[in-house]
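Asks: When the letters of the sequence shown are read in order and numbered with mature numbering (1 follows the signal peptide of the UniProt record, and there is no 0), they come out as residues -26 to -1, 1 to 661. From the three backbone atoms N, C-alpha and C, an ideal C-beta is built for every residue, glycine too. Would you mind keeping the following structure in view while I ask a few things?
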Amino acid sequence: MSNTITKKVSYRIFPLLLLFMFFASCQLGETAPVPVSDKYALQIFTEDTVFRNPNSSVAGYFEIYSGSSVTEPAVLDLWYSYSPTVRSDISSMTISLNGVPVASRSLAVQQTATHNWQVVLPVKQFKIGFNEVSVSVIHRSIDGLCRDIDNDANWFIIRPETKVSFGITRSPYTLTSYPRPFLDDYLAAKINTVFYLPTDPDQITIASLLNIATNWGTRKLSGVPQRLEARIGEPGQVSANEVVLGLTNKWLPNQKLPNDAPVLTLSELPNGYSRLLITGDNSNSMAKAMNALGRPQLIKTFSGQQIVLSSPLPANANTVNTGKRKKGLYTLVDLGHQEDITVAGAFHQEAALVIPRPPNYKIGDSSYIELHFRHSKLLDPKKSAVTVYINDIPIRSSALLAENAEKGILKVPIPASELNKASWRVRFGFYHDLGIIDCSKRYDEVAWSVIEKETTILLAHGGIERVPSLEDFPNNFFEELNEIVNLTMLLPEKPSQEELSAALKLAYFIGQHNNSKIVWQVQTMSTFDAKKAPGTVIALGRNNDASQWSALKQYLPVSPEGNGSYHIAPWLEVMSSAMSTFDIYQVGKIADDRLLYAFMYSSPNRMNNLLNFALANGSALNGQVTLVDAHGNHTAFKQQPNASGKSSFEWLTTLFSGSGVIGTYVAVFSAVLVATLALMFFMRKRP
């Protein structure tokens, strides 16, 4: 009897429970989307990390973003190898997470060329922000005090296959989550996003699109996006996340909104995808919304799934530098080091940095690096020193003495052989000697030096320039005083979806290689006006379209002339009749010595393939002209530069430049006069 009553009650309550759950799910569907989970395996070392000191360590870093939590399992998949001479009884390694030791092991007698060790990382030890995984190794081959220093047979290598894997649970997406889910936090391979543009998008809309793509590129995700493209027309053409640009009265017809107010709306799509709707009354209004998406501090003030932006937007607090870069004067702060660089540990220690050459900059032979340093007073002054290397060439050294322990300065000239380089890799090599010690210990507290942030680099103006090269793309951009890089994109009059996608991906690639804020302007190739095109100019178009390239041919080594023929610079040994089968990538100069990069493709798909290769492996372009055939084979051409540097009497030519024929005569006469006076002086000195 009781069982019968229980069944009747259950039959009556069950539909009510279903109804309750239905209404609850409807409300949650509108206000509280479900959390998102994902798994990652991140590479933390991009190349072989070689240890030669018998006691060494290295750290890899990755970021856990706000709104995320790490889930198990979290594992360090460590790949390494070491010398067969290493003794297992006195050699070991330790793994630490955020400064806390996690696991240790002895280095066993080597059985294989490469070893693998999977270390479980405690989830509770992770934190929001940057996390550090460090590998500390003691590898000894010879017993006794410090007999392994400078022993080439004693080495340890951490391989780039090493990865940290973990799960992530994220809070439900809101506008504050941007650029998620349209851009992944870590891996480009997880990007599956399509931008939908209105029919015949204008130059303002395309420029705003490029600004977003460049901003995404600054996240520097590794790998090639699964899908990152632009399409014209209605959304829903493919299964992907969508960023839709359109007019407010079309997409939000029933909402009462202020005039000229940009609106951002986030919504869910089937199959776990999302849509970001960017609307405005016109293209200028949409551009304001896209500009807001490039300001992380402003995004933090967004909430919910929709926001109506004020017009105008709050002021953007741009920092303004002192203009030192324009004069060729840098400090470590200008190169991104806000603090002093500490180099600690006994024996060989070093720090390195890369100094970029300012775009279109002619450098002089009085250029130098001035190292400001201090060091421990406990170092043996007879055996401790610092040496500065430029592009791996040792230039100058200084002993680490008591006199320079508090304030040392070492001025290092940039050698003439390196003045025409695109950048300079500077290494500060320190040797910290403490006398007879146990080299199984690092002695960080007593053996140290500090490279002070006041360290100065002067790239003096002169006559030595670097011939423009595709090898420098996309790093060779001039930065304005407000730390903004202005770029101009030239496109065909009515770019296709494929051409817009190529421009989008190119802007993303440029963002990956630049830290400065980039602002795009868009022009039509056939109506190019150099005076209205700020910064470096980048042109995309078909390799046989003479009308599109007509306004640019005066600046380029190769340009189409119609009927399958091409104008070719005299220094290029190529056949005009064969050029139509190649993608032609080249660099030239326009007004004010600004650079023009021209990407002439036989089809936009070939251009996209080139960009996919560059995103995965780095750019393969070189010289002033690179030809790429249908199989992806590259052939580079470089014009031989004139002799660089100034001759003994070049100062006279400079002095009278602009004076025409008279100035030339005066310069020649002055040179002869100086030579005569010098000869008379030396003749009088003779006995």
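In chain order, which beta strand (DSSP E) runs of at least 3 residues are fully inside the region 83 to 125?
Replies: Segments of the beta strand (DSSP E) lying fully in the region 83 to 125: 89 to 94, 103 to 112.
Asks: Which residue comes first and which comes last in the beta strand (DSSP E) that contains L595?
Replies: Counting along the chain, L595 falls outside any beta strand (DSSP E), and DSSP gives it neither H nor E.
Asks: Among the residues of its own chain, which have a CB less than 6 Å from the CB of L595, if the five just before and after it don't count?
Replies: Same-chain partners within the cutoff: L444, Y559.
Asks: Mind checking which residues open and close the alpha helix (DSSP H) that includes Q471?
Replies: Per DSSP, Q471 belongs to the alpha helix (DSSP H) from 471 to 486.
Asks: Can you grab the Cα-Cα spacing for the pair A214 / L309, in whole Å?
Replies: Answer to the nearest angstrom: the Cα atoms are 38 Å apart.
Asks: Counting along the chain, where does the beta strand (DSSP E) carrying S443 start and finish?
Replies: First-last for S443: undefined, no H or E at that position.
Asks: Kindly indicate which residue of P531, D519, I112, Q99 has the alpha-carbon position closest to the one of residue 687.
Replies: Because the chain here runs from -26 to 661, residue 687 falls outside it and cannot be looked at.
Asks: Buried or exposed: D158, going by 16 or more other Cβ atoms within 10 Å of its Cβ?
Replies: Flag for D158 reads buried.
Asks: Decide if the region 177 to 195 is in contact with the region 238 to 249; the criterion is three or more beta carbon pairs, one per stretch, under 8 Å apart.
Replies: Output reads no: the region 238 to 249 does not touch the region 177 to 195.
Asks: Which class does residue 676 belong to by DSSP, given the choice of helix, strand or coil?
Replies: This structure cannot settle anything about residue 676, because the visible part of the chain is limited to -26 through 661.
Asks: Please report the residue range of the alpha helix (DSSP H) in which L272 lies.
Replies: First-last of the alpha helix (DSSP H) with L272: 270 to 273.
Asks: Can you give the beta carbon distance from Q17 to P134, rounded, assuming they're within the 8 Å contact cut?
Replies: Contact holds; Cβ gap of about 6 Å.
Asks: Could you check if I102 is buried or exposed, using at least 16 other CB atoms within 10 Å of its CB as the buried criterion?
Replies: The residue is exposed, with fewer than 16 neighbouring Cβ atoms inside 10 Å.
Asks: Taking contact to mean 3 or more Cβ pairs, one atom from each stretch, closer than 8 Å, check whether the region 68 to 86 and the region 107 to 123 are in contact.
Replies: Output reads yes: the region 107 to 123 touches the region 68 to 86.
Asks: With DSSP as the reference, identify every bridge partner of R249, one or two as the case may be.
Replies: Beta-bridge pairing links R249 to E216, S241.
Asks: Within a Cβ cutoff of 7 Å, which residues of the same chain sit near G3, ignoring the five residues on either side of it in sequence?
Replies: Any reading at G3 needs caution, since the residue's pLDDT is 36, under 50, leaving its predicted position unreliable; the model's value is listed next. No residues qualify anywhere along the chain.
Asks: Ignore the nearest five residues each way along the sequence and tell me which others in T628's own chain have a CB closer than 6 Å to its CB.
Replies: Because the pLDDT at T628 is just 37, under 50, the model does not fix this residue reliably, and the point stays unresolved.
Asks: Let me confirm a value: K262 is counted as buried when at least 16 other C-beta atoms fall within 10 Å, else exposed. Which label applies?
Replies: Counting Cβ neighbours within 10 Å, K262 comes out buried, since at least 16 surround it.
Asks: Tell me whether W545 is buried or exposed, calling it buried when 16 or more other Cβ atoms sit within 10 Å of its Cβ.
Replies: So W545 counts as exposed.
Asks: Going by DSSP, what residue range makes up the beta strand (DSSP E) through residue 677?
Replies: There is no way to answer for residue 677, as the model of the chain reaches only from -26 to 661.
Asks: Quick one: is G538 buried, meaning 16 or more other Cβ sit within 10 Å of its Cβ, or exposed?
Replies: With fewer than 16 other Cβ atoms within 10 Å, it is exposed.
Asks: Cβ atoms of T150 and F276: under 8 Å apart, would you say?
Replies: Contact: yes.
Asks: What is the rounded straight-line gap between the Cα of K479 and the Cα of S550?
Replies: Roughly 30 Å separates the two Cα atoms.
Asks: Looking at G268 and M185, is the spacing between their C-beta atoms short of 8 Å?
Replies: Looking at the sequence provided, one finds Asn at residue 185 rather than Met. Cβ distance < 8 Å, so N185 and G268 count as in contact.
Asks: What's the gap between the Cα of K563 and the Cα of N394?
Replies: If you take the alpha carbons of K563 and N394, they lie about 18 Å apart.
Asks: Where do the N-terminal and C-terminal ends of the alpha helix (DSSP H) with T222 fall, by residue?
Replies: 222 to 225 is the extent of the alpha helix (DSSP H) around T222.
Asks: What do you get for E453, buried or exposed, if any count of 16 or more other CB atoms within 10 angstroms of its CB means buried?
Replies: Buried, because 16 or more other Cβ atoms sit within 10 Å of the Cβ of E453.
Asks: Look at D122 and P28 and say whether their C-beta atoms are less than 8 Å apart.
Replies: Result yes, Cβ atoms of D122 and P28 sit closer than 8 Å.
Asks: Label R114 either buried or exposed according to how many other C-beta atoms from any shown protein chain fall within 10 Å of its C-beta, with 16 as the threshold for buried.
Replies: Flag for R114 reads buried.
Asks: Along the chain, where does the beta strand (DSSP E) that runs through M264 open and close?
Replies: Premise fails: M264 lies in the alpha helix (DSSP H), 257 to 266, not in any beta strand (DSSP E).
Asks: Kindly say whether E21, judged by its beta-carbon, lies nearer than 8 Å to any beta-carbon of chain D.
Replies: The chain inventory of the structure shown lacks chain D, comprising one protein chain alone.
Asks: Hey, how far is the Cα of H435 from the Cα of G302?
Replies: C-alpha separation (whole angstroms): 8 Å.
Asks: Name the two residues that bound the continuous alpha helix (DSSP H) containing S521.
Replies: Where S521 is concerned, the enclosing alpha helix (DSSP H) stretches over 520 to 523.
Asks: Just checking my contact of S397 with V328 at CB under 8 Å: how many whole Å lie between their CB atoms?
Replies: Indeed, because the Cβ distance is near 5 Å, the residues count as touching under 8 Å.
Asks: Note down, in chain order, each residue of its chain lying with its Cβ closer than 7 Å to the Cβ of Y152, except the 5 sequence neighbours on either side.
Replies: Result list for Y152: L267, I273, in chain order.
Asks: Any idea what DSSP makes of F156, helix, strand or coil?
Replies: Reduced to three states, the DSSP call for F156 is coil.
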